[in-house]
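**Q** So that we are looking at the same thing, I have put the structure below in structure tokens.
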Amino acid sequence: SIPIACHYLFTRIDIPTANDFIERYVTGVGIDTLTNPVGVLRSQVSLEATKRVKPQGDQIFGLFALAWNAQRNGREQKQNYKLRKHSRIRPRIDGFPRELFLESQEELPLFEEEEEE
Numbered sequence: 001s002i003p004i005a006c007h008y009l010f011t012r013i014d015i016p017t018a019n020d021f022i023e024r025y026v027t028g029v030g031i032d033t034l035t036n037p038v039g040v041l042r043s044q045v046s047l048e049a050t051k052r053v054k055p056q057g058d059q060i061f062g063l064f065a066l067a068w069n070a071q072r073n074g075r076e077q078k079q080n081y082k083l084r085k086h087s088r089i090r091p092r093i094d095g096f097p098r099e100l101f102l103e104s105q106e107e108l109p110l111f112e113e114e115e116e117e
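Take the sequence shown: its position 81, counting from 1, is numbered 81 in this note's numbering, and each next residue is one higher.
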């Protein structure tokens, strides 16, 4: 699920803030749906789910990244986030450690070749 994947990524930056962000997204407790980035995200994701043409997973991920960035930077959000076109380019997540970026999929441990004996 996208919220779980986002929680994992956000905890690489700030565990307490990531926990608070996802808890508020899931429960809706303590958020203003008109100005709080998490509240706007929560309302928008629910709205997008009712549309005939539903957004792709990467587009929803992009909304989470935009809300995270706004929340981290203390910005209010007064309107829905812009739903980006479906693409392979992923949005930037503010604060994400540079050393965790991969240049290619081959850098993942899943693709390490077995050592020959």
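Glycine included, C-beta positions come from ideal geometry on N, C-alpha and C.
No experiment lies behind these values; they were computed from the predicted model shown.
Measuring CA to CA, which of Ala-49, Lys-78 and Gly-62 is closest to Pro-91?
**A** Here residue 91 refers to the residue found at position 91 of the sequence shown. For Pro-91, the nearest C-alpha among the options comes from Gly-62.
**Q** Using DSSP with H/G/I as helix, E/B as strand and the rest coil, what is Asn-69?
**A** Counting from one through the sequence shown, the residue named residue 69 turns up at place 69. Three-state result, Asn-69: helix.
**Q** Expressed to the nearest angstrom, what Euclidean distance is found between the alpha-carbon atoms of Ile-22 and Gly-30?
**A** Position 22 of the sequence shown holds residue 22. Position 30 of the sequence shown holds residue 30. Distance between the alpha carbons of Ile-22 and Gly-30 is about 12 Å.
**Q** Can you check which of these residues, Gly-95, Tyr-8, Ser-46 and Ser-1, is closest to Gln-71 by C-alpha distance?
**A** What you label residue 71 is simply residue 71 of the sequence shown in a count that begins at 1. Among Gly-95, Tyr-8, Ser-46 and Ser-1, the Cα nearest to that of Gln-71 is on Gly-95.
**Q** Val-29 by DSSP, collapsed to three states: which one?
**A** Taking the first residue of the sequence shown as position 1, residue 29 is located at position 29. Three-state result, Val-29: coil.
**Q** For Ile-4, report the span of its alpha helix (DSSP H) as first-last.
**A** As a first step, residue 4 must be located in the sequence shown, where it is residue number 4. From DSSP, the alpha helix (DSSP H) with Ile-4 extends over 2-11.
**Q** On the premise that Gly-57 lies in contact with Arg-42, defined as a C-beta separation below 8 Å, what is that separation, rounded to the nearest angstrom?
**A** If you number the sequence shown from 1, residue 42 lands on position 42. If you number the sequence shown from 1, residue 57 lands on position 57. The pair is not a contact, with the Cβ atoms about 17 Å apart (cut-off 8 Å).
**Q** Cα-Cα, which of Ala-65, Glu-48, Lys-85 and Arg-84 is closest to Ala-5?
**A** Position 5 of the sequence shown, counted from the first residue, corresponds to residue 5. Looking at the Cα atoms, Ala-65 is the closest of the given residues.
**Q** DSSP three-state label for Val-53, please.
**A** Taking the sequence shown and counting its residues from 1, the one referred to as residue 53 is at position 53. In the structure shown, Val-53 sits in coil (DSSP, three-state: anything other than H, G, I, E or B).
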